[in-house]
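Notes follow the structure.
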Amino acid sequence: MPIRIPDRLPAADVLTQENIFVMTETRAVNQEIRPMRVLLLNLMPKKIETENQLLRMLSNSPLQIGVDLLRIDDRPSKNTPQSHLEHFYHDFEQVQEQFYDGLIITGAPLGLTDFCDVVYWDKIEQIVAWAKSHVTSTLFLCWAAQAGLKILYGLDKRTRLEKLSGVYEHQNLAQYEPLVRGFDDVFLAPHSRYADFPVDLIRQKTDLKILAASEKAGVYLAASPDGRQVFVTGHPEYDADTLNAEYKRDLDVGIEPQMPENYYPDNNADNSPRATWRSHGHLLFANWLNYHVYQLTPYDLRTLSATGDTLTRD
Numbered sequence: 028m029p030i031r032i033p034d035r036l037p038a039a040d041v042l043t044q045e046n047i048f049v050m051t052e053t054r055a056v057n058q059e060i061r062p063m064r065v066l067l068l069n070l071m072p073k074k075i076e077t078e079n080q081l082l083r084m085l086s087n088s089p090l091q092i093g094v095d096l097l098r099i100d101d102r103p104s105k106n107t108p109q110s111h112l113e114h115f116y117h118d119f120e121q122v123q124e125q126f127y128d129g130l131i132i133t134g135a136p137l138g139l140t141d142f143c144d145v146v147y148w149d150k151i152e153q154i155v156a157w158a159k160s161h162v163t164s165t166l167f168l169c170w171a172a173q174a175g176l177k178i179l180y181g182l183d184k185r186t187r188l189e190k191l192s193g194v195y196e197h198q199n200l201a202q203y204e205p206l207v208r209g210f211d212d213v214f215l216a217p218h219s220r221y222a223d224f225p226v227d228l229i230r231q232k233t234d235l236k237i238l239a240a241s242e243k244a245g246v247y248l249a250a251s252p253d254g255r256q257v258f259v260t261g262h263p264e265y266d267a268d269t270l271n272a273e274y275k276r277d278l279d280v281g282i283e284p285q286m287p288e289n290y291y292p293d294n295n296a297d298n299s300p301r302a303t304w305r306s307h308g309h310l311l312f313a314n315w316l317n318y319h320v321y322q323l324t325p326y327d328l329r330t331l332s333a334t335g336d337t338l339t340r341d
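Per my numbering: the sequence shown ends with 341, consecutive numbering throughout.
What follows is the structure, given as structure tokens:
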């Protein structure tokens, strides 16, 4: 949230140069405020669990946020009651004429599926294209980050030979960038994916700014120059037990997965895992909401289609 200061206070210039959001008395008095509108496209099988995780992250902000839930199609779910979907979720056709401050697209269990074989790929392309003129900032998580890179930058799918699963150390590569403000120089984040995001590839093939990366996991966090697309290749929203549940699920179906790395105490799957990434996960979402949504979004969202990619942070 902004710091409200007297008009012409010299500190304003210093703080602004450090990317700290300051607001003069004159601007504060005349500021129009409305709730932020966020659309959540939930592609995960266990939709209620994912809702809980992401809403928990979004709630760690003083901003008033209204969240709409979006499903990709109306096919029955094996893991979520149909009554829940029908009561709480919108189809895209119901929201495509609306405008949103933020869009979150979740991961999906499609790591080994070619994009052309994803049954709803055309709809994903449609939504990503729609967001350019109807959403201030889009947050792509895990598989959605890979899909977004394909749609927006033409990057072909890169798949690891073995699934990356565990909690990994990451380096903060852009200390003064708003999205990583308050991050430690080194922090932990969980991953659960087959997708590969090499640092050199992202630098060579896109104009994205890489904000955090890991020696083992590659790029973790990157953003477009205007802040309207943010890519997170891991799962900062995961609960302490989520990787454990995925691991035990795969064991039960005979996949014989590798045990998640750097996750279980003493590297023993009989020990209860602990969340060592929660604070940075909350901070990432709070920073996105503040710097990439609240500070970029116009008061009248209908002007998004006219401004296109010209939004700037106040």
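Glycine included, every Cβ here is placed at the ideal spot set by N, Cα and C. Every value quoted in this text rests on a predicted model; they were computed, and no experiment measured them.
Taking the beta strand (DSSP E) that residue i belongs to, which residues open and close that run?
i: residue 218; result: 213-222
Within this structure, are the beta carbons of residue i and residue j separated by less than 8 Å?
i: residue 134; j: residue 70; result: yes
i: residue 222; j: residue 255; result: no
i: residue 115; j: residue 90; result: no
i: residue 195; j: residue 289; result: yes
i: residue 315; j: residue 206; result: yes
i: residue 177; j: residue 183; result: yes
i: residue 192; j: residue 219; result: yes
i: residue 127; j: residue 66; result: yes
i: residue 5; j: residue 75; result: One cannot answer for residue 5 here, as it falls past the ends of the chain, which runs 28 to 341.
i: residue 162; j: residue 175; result: no
Taking just the CA atoms, how far does residue j sit from residue i?
i: residue 86; j: residue 309; result: 9 Å
i: residue 295; j: residue 275; result: 13 Å
i: residue 119; j: residue 98; result: 7 Å
i: residue 88; j: residue 51; result: 22 Å
i: residue 143; j: residue 267; result: 33 Å
i: residue 121; j: residue 300; result: 40 Å
i: residue 328; j: residue 139; result: 37 Å
i: residue 100; j: residue 92; result: 25 Å
i: residue 228; j: residue 37; result: 42 Å
i: residue 291; j: residue 215; result: 14 Å
i: residue 167; j: residue 157; result: 14 Å
i: residue 94; j: residue 306; result: 22 Å
i: residue 187; j: residue 283; result: 16 Å
i: residue 285; j: residue 263; result: 21 Å
Just curious, the alpha helix (DSSP H) that residue i is in, first and last residue?
i: residue 190; result: First-last for residue 190: 186-199, but that is the beta strand (DSSP E), not the alpha helix (DSSP H).
Can you check whether the C-beta of residue i is within less than 8 Å of a C-beta belonging to chain B?
i: residue 82; result: Among the chains of the structure shown, chain B does not appear; only one protein chain is present.
Is there at least one non-hydrogen atom of the ligand NAP closer than 7 Å to the beta-carbon of residue i?
i: residue 222; result: Here there are no bound small molecules, and the ligand NAP is not part of this structure.
Counting only runs that start and end within the stretch 208-295, where is the alpha helix (DSSP H) found for 4 or more residues in a row?
226-232 and 269-279
Meets three-Cβ-pair contact criterion under 8 Å: the stretch 236-256 and the stretch 304-323:
yes
Just checking, does the stretch 194-213 make contact with the stretch 229-241 on the three C-beta pairs under 8 Å criterion?
yes
Under 8 Å, with one C-beta from each stretch per pair, do the stretch 225-236 and the stretch 244-253 reach the 3-pair mark?
yes
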